[in-house]
């Protein structure tokens, strides 16, 4: 069974609607292209974010005009958004072909994984293949 087939199997059997992104060579240089795949299905939850985070994420995804991007605010906004969504139902994040994911999205994903692990008490060196915090699972 290949990696993509395994992720498809996980998506069908994870018990919730997963958030999915797939790195594509054609989009590998478009900032936040893969992040948009994960975040846009949660657009209804954007209003629950603190204003600074919401603006940063909306600007990053070209949903709004605004000041130059603050990378930390985009990372924090994404993690907060996943936490808000997880209050309603578990959030499972599946990413295929990570090597083709654009650098901006990859940075946000790594931030989420590291922060989730740190919050769970494992620290930066102890990030597991599956980390959980506030109902969010990074696989």
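Residue numbers (the working numbering): 9 to 147.
Ideal placement from N, C-alpha and C gives every residue a C-beta, glycine not left out.
Only a predicted model underlies this, so the values are computations on that prediction, with no experimental measurement involved.
Residue i vs residue j beta-carbon contact at 8 Å
i	j	result
residue 116	residue 27	no
residue 35	residue 41	yes
residue 89	residue 54	yes
residue 77	residue 67	yes
residue 104	residue 38	no
residue 43	residue 108	no
Classification of residue i by the beta-carbon crowding that lies within 10 angstroms, buried from 16 upward
i	result
residue 20	exposed
residue 13	exposed
residue 113	buried
Residue i, enclosing alpha helix (DSSP H) - first and last residue
i	result
residue 27	Per DSSP, residue 27 belongs to no alpha helix (DSSP H); it is in the beta strand (DSSP E), 27-30.
residue 34	Run containing residue 34: none; DSSP gives neither H nor E here.
residue 20	11-21
residue 65	59-68
Residue from the options with nearest C-alpha to residue i
i	options	result
residue 46	124, 95, 73, 25	25
residue 86	73, 74, 101, 96	101
residue 97	124, 22, 15, 11	22
Contact with chain C by residue i, beta-carbon distance below 8 Å
i	result
residue 40	Of the protein chains in the structure, only one exists, and it is not chain C.
Open item on the list: Ignoring anything shorter than 4 residues, give me the alpha helix (DSSP H) runs that lie fully in the region 75-132, in order along the chain.
Closed with: Complete alpha helix (DSSP H) runs here, min 4: 79-94, 111-127.
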